[in-house]
Structures are given as C-alpha cells and as structure tokens.
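**Student:** First, the structure itself, so that you have it in front of you.
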Amino acid sequence: MTAATSAGTGVAVATATATSAVGGTAVRAMGLRKEFGRTVAVDNVDLEVPAGAVMGVLGPNGSGKTTVIRMLLGLCRPTLGSVTLLGSAMPDRAADVLPRVGALVEGPGFHPFLSGRENLLRGAAFEPLAPTRSIPSIVDDALERVGLADAARRAYRGYSLGMKQRLGLAAALLVPRDLVVLDEPTNGLDPAGTMQVRQIIGELRAAGTTVLVSSHLLAEVEATCTHVAVLQAGIVVAQGELAHLLEGDRPLLEVVTDEPAAALTALRNAGIPVRTTPGGVEVELVGTAAPAVVAALVNAGVPVSEARRRRTGLEELFAALTEEDRA
Amino acid sequence: MTAALSRMVRSELRWVFRRPRTLVALALLSALPLAIGIGIAVSGGPADSTDESLISAVAGNGLVLPIAALSAALFLLLPLTVSMSAADALAGESAHGTLRGLLLAPVGRIRLVVVKSVGVLAVAVAAVALISVVGVATGMVIVGGNGDGVLTLSGSTLSTWPALGRVAIAAAWTVVQLAAIGAIALAVSSVTEHPLVVLAVTVGGLIVTTVLLVIPALGWLHPVLLPTGWPAITDVLRDPVPWDELLTSAYRAACYLVIGISLTLARMTTRDA
Chain L
-4 MTAATSAGTG
6 VAVATATATS
16 AVGGTAVRAM
26 GLRKEFGRTV
36 AVDNVDLEVP
46 AGAVMGVLGP
56 NGSGKTTVIR
66 MLLGLCRPTL
76 GSVTLLGSAM
86 PDRAADVLPR
96 VGALVEGPGF
106 HPFLSGRENL
116 LRGAAFEPLA
126 PTRSIPSIVD
136 DALERVGLAD
146 AARRAYRGYS
156 LGMKQRLGLA
166 AALLVPRDLV
176 VLDEPTNGLD
186 PAGTMQVRQI
196 IGELRAAGTT
206 VLVSSHLLAE
216 VEATCTHVAV
226 LQAGIVVAQG
236 ELAHLLEGDR
246 PLLEVVTDEP
256 AAALTALRNA
266 GIPVRTTPGG
276 VEVELVGTAA
286 PAVVAALVNA
296 GVPVSEARRR
306 RTGLEELFAA
316 LTEEDRA
Chain F
3 MTAALSRMVR
13 SELRWVFRRP
23 RTLVALALLS
33 ALPLAIGIGI
43 AVSGGPADST
53 DESLISAVAG
63 NGLVLPIAAL
73 SAALFLLLPL
83 TVSMSAADAL
93 AGESAHGTLR
103 GLLLAPVGRI
113 RLVVVKSVGV
123 LAVAVAAVAL
133 ISVVGVATGM
143 VIVGGNGDGV
153 LTLSGSTLST
163 WPALGRVAIA
173 AAWTVVQLAA
183 IGAIALAVSS
193 VTEHPLVVLA
203 VTVGGLIVTT
213 VLLVIPALGW
223 LHPVLLPTGW
233 PAITDVLRDP
243 VPWDELLTSA
253 YRAACYLVIG
263 ISLTLARMTT
273 RDA
C-alpha cells in the first residue's frame, strides 16, 4: 500500500523530508538508566530503530515502556546513558529534532472545556512546522484522518475514551513527521478503532516514516511492527527484527494421537522427520508445512486428535512475562 | 526551531480568556465596584459621611470608587484570581497532560515560561482594567462628578482628567503588585501538578503575611513582606502624590517578580514532564 492509494482513511500520509527517513538509524539509545528516588525504573536499555522501521516496544504494564519513551523524547533526562533521535542528541537538541517527531505519550492530554478542534488548533499553534495560514486546514485534515470530523466541534469533555485516543493520534500526526512515537495507541479503542490505528501505522510506514509503538499486547505488535524490543522490569530482554525473533526457535508441530507408532511410520513413509512425545509425535516444520503433515497422517488412517503449532521463542517469552505480571 | 513567539502568545491568550473560570472570576471582580457603588447609593449618599475612610470618601467623589474597589480587591480577590491563572498555567497543564504536548511541539522551556508569564500577566491586567473601568463608570453614574472635580484626601480638588490619571496610576501600581504574586504563584505552579496546591500556597502565604504585618514585634520583618506597602494605594488620592511608599512597594514587588520568575525558570528547565 502506498500513501496515495490508502483507501481506508482516505487521507495520504506524507513525510516531512523523505531523504532523512531513508537509511541510517532513526532512534539510538545507549545504556539508558532512570532512577526515581531509590527505584530503578529502567536500566541499561539499548535501543536501535532503523529509519523506516516500525519498532514495537513490548512489555507488561510497569515494565518501563513509557519511561523509555519519555527519555527518548527528552521529556525526562536519563540518569545515565544517551539518546540520539534522527541524528541529534536528546534532550540538548530537542528544538531541532522534535518538530519532526509526532508523539502520543501516556494517553491523550487535552483541555476538557475546549472542543476537539480547538484543542488541535491550540496544539498546531505551537508546532514549528505548521504554517500559520494553513493551521485550520491542517487541523481539519488531521480530524478527518482519525474519523473525528463529525465530533470536531463538541467539547472534549464529552468524548468517549476511544475518541480521546483518536484526538491524541490526530495531534501526533498534525504535520508530516519523520518519526512517530505512539505509547499504547490502541488503549481504549474498539476493534474498529484498533484496525484504524493499524492502518494509520501502515500508511506511515508506506510513506517511509519511522514509527515507535509501545504495547502490552503481542498480537498488536505482530500485526503492525517490523522490529520489536521486549522490556521486562526495566530491562530489554529481547530485541530484533520481528520475523527473526518469532522464528528464533525452529517451529514445531505437536500432534496428539492415540496411535503414535502408526503416526511415526506414516510420517517416515512420507519422508517427514519426526520424533515421539508423551502424547503423540512432534514434527519440526523445516521444509514441511503443517497441512502436509496432517494430510500424510490422515491419508495413512492415523487418528489425529489435535495438531498445534508450538509457541515460538518470542511468544513463549512474552507469555512467561505477562503471566509473571499477572501473578 | 520553534513556532513564532507571537503566535504562541496569541494562542495562549485565546486559551486563557476562553476558560470559563477566568471569565467568571473577571465577571465577579467587575461586579465589586458595582456593589460598592450600589451600597453607597442605598445608604444615603454623600451627606451622612463624616469619617475619613476610603469608602466614605467615595461618597463625595465618583472617581474615588475605582481606587477603593482596587484597594478592597488587592488583599484577597485579585491575588486569588492571579494565582488561579498561574495554577492553570503550569500545574493545570501538567494535570491535564497538556504540558507534555507543549514540550513535545516543541516549545522551548524558557519560551514556555515567557508565554505562560504573559498569560498570567494578561489576567492581572484584565482584572485590574475591568475593576477600574467599571469603577469609574459606576462612580460617575451613581455618585456623580462633584461639579468642580474630584476632592482629594488632602482637601484640594482635581479636575476630571487628572483624576482619571490618578486612577490609571493606581491601576498600573496594582498590576505591578499582582505581577509579583503571579510570579511567585507560577514558581509554585512549576513544582506541582495539583493546581489547588498553588492556590493554597499563594493565598495561604498571603494570609500568613498579613497576619505577620499586624504583629509589632516582627517589625524587622515587615520591609520584606509584599503587602507591607499595599495601603499606599490611597496615596494616589492625595495632593501632591507622596511617591515614597508607592515606589518602595513597586520596587519590592519587582524583587518578588525577579525571584519568582527565576525560580520558575530554574525549575522548568530541569523538570521531568
């Protein structure tokens, strides 16, 4: 999908300076540590987001995602470590970098007595890259993009959680950006709203914008991201390309059957390497697709009670993290 | 690179004067001179006033009314209004999560203090201007001019234009005092994200100060307290104007202003948002 043909939301996403988004590193954080009093919220975090990537920062609640993002954006100073955003050191060169960065951090922040449109007009007045004369049209376009055109003149006070979130997104996308940072952008959104956010992220990516998005949902990251960093208790426990991390382990197909011996024979006859497990057999899906395995078994008359793909490294890791978090 | 300062200031002023509580506060403040005027009219007018108090002086001089109203509002209502504005300026923005948005735009942190100071000052100017204008109008209508002009507290008379000049002096002097209060309130506003804390500290501090002022044993402390010079506002009604105390209290306010803005800047340039 290209920016010009993004049919769904009907509004093209443009980049501020296409050149800076190609090649290089959009975000580089080294050895970030943040202490709040005696609490160490984040420790020794290294992050690298290639320009044009969609990086998902994944972690359970309280894992330090927002603190990392706040340090990246210069909202707070790291106790230790350094941040480079679009080639410039933060927070010292915030004035040069931040105009090209759009962000939604810690939920949408707006004034309740103003309408959504007035809130955005106020935000646009402070945006260096918004030309004064075109502010009204910029704001109307942004409202249109997130589907708030109809509610634009209602007081923000009366907005639903999802509408507030959309307005926050609109504010982040007011002017063309090279980097967009979205902290839990789908919080409070219904499935349609979630889809819309995914679509907007897709449009940004197609336009070459680097996106950093945090989430506590693996599915969310899987749906939108090219890269992922997993945070737990303030430490990055895994980082890399999503495809690479998801297939870090060899994928396995577990087949539950009452006749493991027959299954073994049938698969070996079909030329598929296999080994037995307590409940049946398991097959490494290398050079073989899951349907082929099941077909071979069924053709040989082996009763298959259940066939499931075992979770890969990232899924396993993240499940363990979130379960720990729940406990 | 930041947006033009003038554009940010315009946006800030629009925000300040769209806020319902600013408008309510200004409306109530402008009702104060009206209430004083009506009170005097109802109580029988000029004839029965013999004492030297400011309010009774109003009875004979319409143009004394705005100064009486400013003087009455200076000890609590005006500082309250200005503190409220300062509370919304930083602590309130922080509480709504909008301070982050401004810093991310980015508005440089020093520029942010400039923009916010202008906003608070604008409320002070608007409040004082409203009280003065409504005061003059009410004084003219209810009490009326004295024919020959305005009788000063020193017993001489001023014609209308010089008398209006005196009101303008009082108004400007009051704005300076409120700027000091606003700067201190802004400093408090920069360290908290609870607007109520700003009101409590500023107004509470003012009340404590006025209590300290009536304790003679603490006389050594009085020269550094802001409200020490506030009774001097009535000096503009004397002829000639005794400038000493008016100027001293304006200098004192300027010191508070510098301290307040410095603290705000120091805090805002390091604040985590």
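First to last, the sequence lines map onto chains L and F. In this text, residue positions in the first sequence follow the working numbering: the first is -4, and each later residue adds one. In this text, residue positions in the second sequence follow the working numbering: the first is 3, and each later residue adds one. Beta carbons are placed, not taken as given, at the ideal position from N, Cα and C, and that holds for glycine.
Which residue wins for smallest C-alpha separation from residue 23 of chain F, given the options L:42, L:303, L:260, L:107?
**Tutor:** Minimum Cα distance to residue 23 of chain F is reached at L:107.
**Student:** Would you tell me roughly how many angstroms separate the C-alpha atoms of residue 51 of chain F and residue 225 of chain F, rounded to the nearest one?
**Tutor:** The pLDDT assigned to residue 51 of chain F is 46, lower than 50, so where the model puts this residue is not dependable; a value taken from the coordinates is nonetheless given after this. Using only the alpha carbons, I get a separation of about 34 Å.
**Student:** Here's the rule I'm using: 16 or more other beta-carbon atoms within 10 Å means buried, otherwise exposed. How should residue 220 of chain L be labelled?
**Tutor:** Label assigned to residue 220 of chain L: buried.
**Student:** Of all the alpha helix (DSSP H) runs that stay within the bounds of the stretch 72 to 128 of chain F, which reach a length of 4 or more residues?
**Tutor:** Runs of the alpha helix (DSSP H) inside the stretch 72 to 128 of chain F: 79 to 88, 95 to 98, 100 to 106.
**Student:** Do you know whose CA, among L:81, L:252, L:264, lies nearest residue 92 of chain L's CA?
**Tutor:** Measuring from the Cα of residue 92 of chain L, the nearest candidate turns out to be L:81.
**Student:** In this structure, how does DSSP classify residue 223 of chain L when only helix, strand and coil are distinguished?
**Tutor:** Of the three classes helix, strand and coil, the one that applies to residue 223 of chain L here is strand, per DSSP.
**Student:** Interface residues of chain F around residue 120 of chain L at Cβ under 8 Å?
**Tutor:** Neighbours of residue 120 of chain L on chain F, chain order: 5, 9, 10, 12, 13.
**Student:** Kindly say whether residue 226 of chain F, judged by its beta-carbon, lies nearer than 8 Å to any beta-carbon of chain L.
**Tutor:** For residue 226 of chain F, the answer is no, since every Cβ of chain L falls outside 8 Å of its Cβ.
**Student:** Kindly indicate if chain F contains any beta-carbon less than 8 Å away from that of residue 90 of chain L.
**Tutor:** Cβ-Cβ to chain F under 8 Å: yes for residue 90 of chain L.
**Student:** Looking at chain B, is there any beta carbon in it that lies within less than 8 Å of the beta carbon of residue 30 of chain L?
**Tutor:** Absent here is chain B; the protein component of the structure consists of chains L and F.
**Student:** Going by DSSP in three states, residue 253 of chain L sits in which element: helix, strand or coil?
**Tutor:** Residue state, collapsed to three classes: coil.
**Student:** Out of L:116, L:222, L:65, L:298, which one is the CA nearest neighbour of residue 137 of chain L?
**Tutor:** The residue with the shortest Cα to Cα distance from residue 137 of chain L is L:116.
**Student:** In terms of residue numbering, what span does the alpha helix (DSSP H) encompassing residue 18 of chain F cover?
**Tutor:** Per DSSP, residue 18 of chain F belongs to the alpha helix (DSSP H) from 7 to 20.
**Student:** So, using beta-carbon positions, are residue 42 of chain F and residue 183 of chain F closer together than 8 Å?
**Tutor:** No, these two residues do not count as a Cβ contact at 8 Å.
**Student:** Which residues mark the beginning and the end of the beta strand (DSSP E) in which residue 24 of chain L is found?
**Tutor:** Taken as a continuous stretch (DSSP letters only), the beta strand (DSSP E) holding residue 24 of chain L covers 20 to 31.
**Student:** Are the Cβ atoms of residue 95 of chain F and residue 104 of chain F separated by less than 8 Å?
**Tutor:** Contact: yes.
**Student:** Kindly indicate the opening and closing residues of the alpha helix (DSSP H) around residue 119 of chain L.
**Tutor:** 111 to 120 is the span of the alpha helix (DSSP H), which, as asked, contains residue 119 of chain L.
**Student:** Give the straight-line distance between the Cα atoms of residue 172 of chain L and residue 21 of chain L, rounded to the nearest whole angstrom.
**Tutor:** Straight-line Cα distance between these residues: approximately 12 Å.
**Student:** When DSSP labels each residue in this structure, what does residue 329 of chain L get in the three-state scheme?
**Tutor:** In the structure displayed, chain L extends from -4 to 322; residue 329 of chain L sits before or after that span and is not available.
**Student:** When the Cα of residue 76 of chain F is compared with those of F:159, F:168, F:216, F:233, which residue comes out closest?
**Tutor:** Per the Cα distances, F:233.
**Student:** If you follow the beta strand (DSSP E) that residue 305 of chain L is in, where does it begin and where does it stop?
**Tutor:** Where residue 305 of chain L is concerned, there is no enclosing beta strand (DSSP E), given that its DSSP letter is neither H nor E.
**Student:** Apart from the five residues on each side of it in sequence, which residues of its chain come closer than 7 Å, Cβ to Cβ, to residue 240 of chain L?
**Tutor:** Within the same chain, residue 240 of chain L has close Cβ partners 223, 233, 308, 309.
**Student:** Does the separation of the CB atoms of residue 29 of chain L and residue 66 of chain L fall below 8 Å?
**Tutor:** Yes, the Cβ-Cβ distance between residue 29 of chain L and residue 66 of chain L is below 8 Å.
**Student:** So, at 6 Å on beta carbons, what are the nonlocal neighbours of residue 295 of chain L in its own chain, with the 5 sequence-adjacent residues on each side left out?
**Tutor:** Contacts found: 261.
**Student:** Go to residue 270 of chain L, then tell me how far its beta strand (DSSP E) extends in each direction, as first and last residue.
**Tutor:** Where residue 270 of chain L is concerned, the enclosing beta strand (DSSP E) stretches over 270 to 272.
**Student:** Assuming residue 79 of chain L is part of the beta strand (DSSP E), what are its boundary residues?
**Tutor:** Unbroken beta strand (DSSP E) run through residue 79 of chain L: 75 to 80.
**Student:** Tell me, which residues are paired with residue 178 of chain L by DSSP?
**Tutor:** According to DSSP, residue 178 of chain L bridges with L:209.
**Student:** Looking at chain F, is there any beta carbon in it that lies within less than 8 Å of the beta carbon of residue 43 of chain L?
**Tutor:** It does not: the Cβ of residue 43 of chain L has no partner Cβ on chain F nearer than 8 Å.
**Student:** Assign residue 213 of chain F to one of two classes, buried (16 or more other C-beta atoms within 10 Å of its C-beta) or exposed (fewer than that).
**Tutor:** Looking at its Cβ environment, which holds fewer than 16 other Cβ atoms inside 10 Å, residue 213 of chain F is exposed.
**Student:** For residue 252 of chain L, which of L:298, L:281, L:272, L:287 has the nearest alpha-carbon?
**Tutor:** The residue with the shortest Cα to Cα distance from residue 252 of chain L is L:298.
**Student:** For a quick check, are the C-beta atoms of residue 168 of chain L and residue 102 of chain L less than 8 Å apart?
**Tutor:** Cβ atoms of residue 168 of chain L and residue 102 of chain L: not closer than 8 Å.
**Student:** Quick one, are the C-beta atoms of residue 302 of chain L and residue 284 of chain L less than 8 Å apart?
**Tutor:** Their beta carbons are not under 8 Å apart, which means residue 302 of chain L does not touch residue 284 of chain L by this criterion.
**Student:** Just the chain F side, please: which residues come within less than 7 Å of residue 106 of chain L by C-beta, in chain order?
**Tutor:** Within chain F, the residues near residue 106 of chain L are 98, 100.
**Student:** What do you get for residue 6 of chain F, buried or exposed, if any count of 16 or more other CB atoms within 10 angstroms of its CB means buried?
**Tutor:** Answer is exposed; the Cβ neighbour count stays below 16.
**Student:** Over the uninterrupted beta strand (DSSP E) stretch that includes residue 83 of chain L, give me the two end residues.
**Tutor:** From DSSP, the beta strand (DSSP E) with residue 83 of chain L extends over 83 to 85.
**Student:** Alpha carbon to alpha carbon, how far is residue 157 of chain L from residue 151 of chain L? Give it in angstroms, no decimals.
**Tutor:** When rounded, the distance between both Cα atoms is 12 Å.
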